[in-house]
Amino acid sequence: MAVASPAAPRTAARGTHPAAPRHRPAPAPVRRLPPAPDLVLGAVVCFLVCIAWRLPWIGDLGQHAAVVERLTQNLSDPGSPLVARPGDSSPYYTPYTVLAALLARLTGLPTLATMSVCATANGVALIAALRCFVRTLSSRAWAPVFATLCMLFLWGTQLFLWSGHTSLSALCLSLSYPSMFALALGLYLWARLMRATRGHTGVRHWAVTGLLAAVLVLIHPVMAVGALIGCAAVCAGTVRGRDRGILARGAAAAAGAVLPLLLWPYGNVLSVPDSSALDHFHVVAYQAMPERYGLALIAAPVLLRRYRRSRRDPLVLLCLGTAAVTAAGWCTGHYTWGRVLPYLLLGLQCAVAVEVCARWPRARVERIRRTLLAAVLAVALPLGACAQAGAVLYLLPADLVPRAFADRVRFLPPWPDLEWVMRHVHRGDVVLTDHYVAERMLPGYGAYTVKPAWPQPEIPVAESDRRAADVERALSGRTDARLRRKAVCSAGADWLLLTWRQSIPPGQGFFTVATGPDKSRLVRVDLHCRST
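Position 71 (the sequence shown) corresponds to 681 in our numbering; numbering is contiguous.
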């Protein structure tokens, strides 16, 4: 009995050929868009990058630009950043500003362009670090998005612009500051510690963590207080039971943190948090607190629930620690401790975002609570966004900003540039002026002022008072002509920048060389005058 082979091919009919195999074309690759949460975060980053290259000049930008300028000119012995004074280095010379100066020297970028690059890096780092930290608190994809929105808008109904704050308007003005990089580094440290305490990490990991903590302290010692409180809260909330290797890891972290602080060649940054020179500036952070921070209080019930679940919850410990430091600053009059407020607000904002994005509860009472929280947040975020609406105007040139809309949204316009002054003034020249804007902008262009616009820890109080007295005598029309001339010579001024109300000191040796848009006058001081 013959059995046909199953693999035998079929014979083709006479006069025909076997059919050729059909090759179907490969399907075209489907281009998928990134997930919606990443698109939202990308849009926020793009907005911050655009703001970074607009770089609106208000506030302390001149201070930090002056630090980068001095380091660019002389990396080993830059002197005081604001006044022509050799001697002790300033604690404002930090790893952040040193890296910015190295970037400027390697690329040849002007100081302000370098600050724009720093602002771009800070914006990307802040959003990435916040996402990294929130991902350790929640696995929900939208949690980092809601945390970012809360960070930008969940502040208050009154506009408040301050260094280190993360509201949208404050970010537009302070994105290039060292405090922004310190804030991003603090968030990354929290995420790094959260993962390290939950898993098994070696001594090297903890040594690098200690090194990053030391860099944070060197960059901004006051902001580092809030970041270190958060590090302690993470460790206290996640370390469980007896861990035999905790001593070795703690020693590695301490060694990584202490060595950079001891080897740093510039000013002593550890003296800054204890200094009271900046307290009269920071008292404003304690004023009108309900109007400036009230929207974040919707997180209070969320924190209470987290505390009931675990008394060692990291966000609860973070908020309690930073609130205690803030209250201590108010009670003692050491208002500089109010700089930890951004970390307190970040704890509240992250708690709300994580709670809203959590899985839908089964219990009816929990569903009602979640619905109420979502409804309150849906009202609070637009209210906060209305207070920050003026931030979008920083994308426009100053002459295109609609004045009616700017007044309605409480928009603070950038300061006018001083390019007309710097056409005549050279780097290193000393300008004597009491003009509010000029005192804060000229050091960023490379010039020196007679008296510092901000307190400088390296300058004794008596010397600062003497410099302020020389400026007052030189510009006062009621002072005797001889005393005015003597004050100009004592200050070592190369130029006078006078407002339209101030008169030129009588006598020879003063020559008006330019007049500004606001009728300010730039007066050159003859060298023979300064030598007499």
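By construction, the Cβ of each residue, glycine as well, lies at the ideal position given by its N, Cα and C atoms.
Since residue i and residue j should fall inside the 8 Å C-beta cutoff, what is the C-beta to C-beta distance between them, to a whole number of angstroms?
i	j	result
Gly774	Ala843	Actually they are not in contact, since the Cβ atoms of Gly774 and Ala843 sit about 19 Å apart, beyond 8 Å.
Thr807	Thr848	4 Å
Leu1042	Val1098	6 Å
Ala990	Leu905	5 Å
Ala1063	Leu1107	About 13 Å separates the two Cβ atoms, so there is no contact after all.
Gly860	Leu826	The Cβ separation is near 18 Å, so there is no contact.
Leu925	Arg918	Not quite, the Cβ-Cβ distance comes to about 13 Å (not below 8 Å), so this is no contact.
Ala794	Asn732	6 Å
Ile1069	Ser690	6 Å
Cys841	Leu803	6 Å
Val1146	Val655	For residue 1146 there is no data in the structure shown, the boundaries of the chain being 611 and 1142.
Ala676	Leu651	Their Cβ separation, rounded to whole angstroms, is 33 Å, which puts Ala676 and Leu651 out of contact at 8 Å.
Ala1061	Ala1078	Checking the sequence, you will find Lys at residue 1061 rather than Ala. Sure, about 5 Å apart at Cβ, within 8 Å.
I need the boundaries of the beta strand (DSSP E) containing residue i, first residue and last residue.
i	result
Arg1131	Arg1131 to Val1135
Leu1042	Val1040 to Leu1042
Which residue or residues does DSSP assign as beta-bridge partners of residue i?
i	result
Phe1121	Arg1134
Trp1105	Val1041 and Arg1134
Tyr1058	Val1040
Which stretch, first to last residue, makes up the alpha helix (DSSP H) that contains residue i?
i	result
Trp1030	Glu1029 to Met1032
Trp816	Val813 to Ile829
Pro647	Ala646 to Arg664
Cys967	No alpha helix (DSSP H) contains Cys967, which DSSP labels as neither H nor E.
Tyr798	Pro788 to Arg808
Glu1073	Val1071 to Leu1085
Phe756	Ala753 to Phe763
Leu778	Leu778 to Ser784
Would residue i pass as a contact of residue j if the rule is Cβ separation under 8 Å?
i	j	result
Trp816	Ala862	yes
Asp889	Tyr953	no
Leu907	Cys929	no
Leu1003	Arg664	no
Tyr787	Asp670	yes
Leu1010	Leu1028	no
Gly994	Trp765	yes
Ala867	His830	no
Val678	Thr707	yes
Ser779	Leu785	no
Trp1025	Ile661	no
Leu913	Ala846	no
Pro647	Ala739	no
Ala865	Gly820	yes
Tyr1058	Asp1039	yes
Ala1084	Arg1076	no
Glu965	Gln768	no
Pro992	Arg980	no
Ala839	Val744	The sequence given here places Ile at residue 839; Ala does not occur at that position. Not closer than 8 Å, so no.
Val1133	Asp1104	no
Ala933	Trp947	no
In chain order, each alpha helix (DSSP H) run of at least 4 residues that lies wholly inside the region 673–744: 705–717
Secondary structure, beta strand (DSSP E): runs of 3+ residues fully inside the region 881–931: none
Ignoring anything shorter than 4 residues, give me the alpha helix (DSSP H) runs that lie fully in the region 992–1022, in order along the chain. 1013–1018
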